[in-house]
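What follows is a set of notes on a single structure, which appears directly below.
Number of protein chains: 2
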Amino acid sequence: MYTLYEYPPSGNCYKARLLMHQLRLRFERVTVDTQANETRTPEFLLLNPNGKVPTLKLPNGEVLAESNAMLWYLAEDTPFLPDTRLQRAQVLQWMFFEQYSHEPFIATLRNWISYANKRDEFASEIEAFRPKGYAALDVMEQHLESRTYLVGESYSIADIALYAYTHVAHEGEFDLGNYVAICRWLRRIEKQPRHIAIDWRE
Amino acid sequence: MYTLYEYPPSGNCYKARLLMHQLRLRFERVTVDTQANETRTPEFLLLNPNGKVPTLKLPNGEVLAESNAMLWYLAEDTPFLPDTRLQRAQVLQWMFFEQYSHEPFIATLRNWISYANKRDEFASEIEAFRPKGYAALDVMEQHLESRTYLVGESYSIADIALYAYTHVAHEGEFDLGNYVAICRWLRRIEKQPRHIAIDWRE
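Those sequence lines, one after another, are chains Y and A. Position one of the first sequence corresponds to residue 123 (our numbering), numbered consecutively onward. Position one of the second sequence corresponds to residue 123 (our numbering), numbered consecutively onward.
Here you go:
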């Protein structure tokens, strides 16, 4: 049995939950409230010294941090990870794009505006991050205009990684109205077998 | 022959250069001056729509972005990537840690202070980013206190990814004086066969 330490509204945590559900893996969920700094307690820091969720305890007791590293671990030798060397690297390219160029802006605004109630405190950062979030969406839109999925011709962990915060970008007040290819791709992801919503409870 | 589009002082670009040299791969270097916005020209955006270096053209003409995705591509089936599932995921864990919790603070301060001459313009950001950079170094120090390399018992692309900006952290005015384990690890990386310095020219 896996144990997923998670803050349920987090898109990063949702990535692991979604893939484990699609892979029919059994997992226990342990809530760690990041808003209440529960990731900074001595007990939690023993589990993950970087003090972040998701943190995944594997059935053998080993612990993995970093949502996209978990996706990779879980997806190896499954249809969720392509089997050519180039496509595997392209999956990682999109996952690093997500963590560097997408999540820091799109997820952060969603958190400040819709969860942490910090719209006023971070007003100038919100203004500065807004165009960077749209720039990431522009890169995705251009890529998806001529493609079904982010990499190759099938659904992969690259799609899971980018779906997580893109489909709730409106909670950070990003308007996806003009992103036709992205919206088509979001609907395609939602039609995958065993898809679950971010607020899914068993 | 590979073609590496790079800004030579960039640690992200150095990662690919270092690994290709250690793997004895032939590559051409093309300088793209990020300070002069040469990553935003229409020609460059055709190559990499996200407008960043390094960008790597493979011998077959395909193009890869994201430094750590390149490292993975180049390292597959070599001793630079461990062959157990857990260790591969741990390599990725450290590479995602690098791009999310380390590079945005340590590399950014180095650039503003030592290359882009923006110390005054970004004075308040520099102050805010400083403790976040040290927090990343603290996580590395704790991990390396009892280990030779970041993952397992051998040098891997996780070490290359973290070495790139850690060994020049002083250019962002981070003081590594108290980071004994990190400094020991840096020296160990520099003793690897075919190691090259960041300012290496053939």
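Glycine included, each C-beta is placed from N, C-alpha and C at the ideal position. Owing to the predicted nature of the structure, the values given are computational and were not obtained by experimental measurement.
About 6 Å separates the Cβ atoms of Y:P176 and Y:Y127, confirming a contact at the 8 Å cut-off. With respect to the 7 Å criterion, A:E263 and A:Y301 are classified as neighbours on the basis of their beta carbons. Under DSSP, A:T153 shares a beta bridge with A:E128.
For Y:W322, the number of other beta carbons within 10 angstroms of its own is below 16, and it is reported as exposed.
Judged by beta-carbon spacing, A:I248 lies beyond the 7 Å limit of A:L140, meaning their Cβ atoms are not closer than that value. Identification of residues in the region 160 to 171 of chain A having a C-beta nearer than 9 Å to some C-beta of chain Y yields P171, given in sequence order.
For A:L168, the enclosing alpha helix (DSSP H) covers residues 164 to 169. Taking 7 Å as the cut-off, the Cβ atoms of A:L272 and A:W216 count as close. Fewer than three pairs of CB atoms, one per stretch, sit closer than 8 Å, so the region 200 to 215 of chain A makes no contact with the region 202 to 209 of chain Y. Assignment of beta-bridge partners to A:T177 by DSSP yields A:Y127, A:A187. The CB of A:A191 comes closer than 7 Å to the CB of A211, L214, Q215, F218 in chain Y, given here in chain order.
Interface annotation for the region 173 to 191 of chain Y against chain A: G173, K174, L180, N182, E184, L186, A187, E188, S189, N190, A191, criterion Cβ-Cβ distance under 9 Å. Within chain Y, the residues placing a beta-carbon under 7 Å from that of A:Q221 are F218, Q221, Y222, ordered along the chain. Under the criterion of beta carbons closer than 8 Å, A:A283 and A:E220 qualify as touching, at roughly 5 Å. For A:Q264, a Cβ of chain Y is located within less than 7 Å of the residue's own Cβ. A:D199 sits in coil when the DSSP states are folded into three classes, being neither helix nor strand.
When the beta-carbon positions are compared, A:F227 and A:K254 come within less than 7 Å of each other. Straight across, the Cα-Cα distance linking A:N239 with A:A286 is about 21 Å. Annotation: Y:R232 to Y:E184 spans about 31 Å, alpha carbon to alpha carbon. Excluding its 5 nearest sequence neighbours in each direction, A:T230 has C-beta neighbours in its own chain below 7 Å: F251, listed in chain order. Note that the C-beta distance between A:Y129 and A:V152 is not below 7 Å. For the C-beta of Y:W194, the chain A residues within less than 8 Å are, from N- to C-terminus, R210, A211, L214. Remark: C-beta atoms of A:N190 and Y:F202 do not approach each other more closely than 7 Å. Every alpha helix (DSSP H) of 4 residues or more that sits fully in the region 191 to 273 of chain A is shown, in chain order, as 207 to 219, 225 to 232, 245 to 266. Using a Cβ-Cβ cut-off of 7 Å, Y:E128 does not count as an interface residue toward chain A, since no Cβ of chain A sits closer than that to its own.
A:D281 and A:W234 have their C-alpha atoms roughly 25 Å apart. Annotation: the continuous alpha helix (DSSP H) that includes Y:R309 extends over 302 to 312. The beta carbon of A:R232 does not come within 7 Å of any beta carbon belonging to chain Y, so the residue lies off that interface.
Per DSSP, the continuous alpha helix (DSSP H) segment holding Y:T288 begins and ends at 279 to 288. Straight across, the Cα-Cα distance linking A:K137 with A:L147 is about 14 Å. At a cut-off of 7 Å, the C-beta of Y:V261 has a neighbouring C-beta in chain A. Each of A:A158, A:F149, A:L214 was checked against the Cα of A:I279, and the nearest Cα belongs to A:L214. In this structure, the beta-carbon distance from Y:L169 to Y:L178 does not fall below 7 Å. The Cβ-Cβ distance between Y:E150 and Y:T125 falls below 7 Å. Rounded to whole angstroms, A:R310 and Y:L259 show a C-alpha spacing of 41 Å. In the three-state reduction of the DSSP assignment, Y:H317 falls in the coil class.
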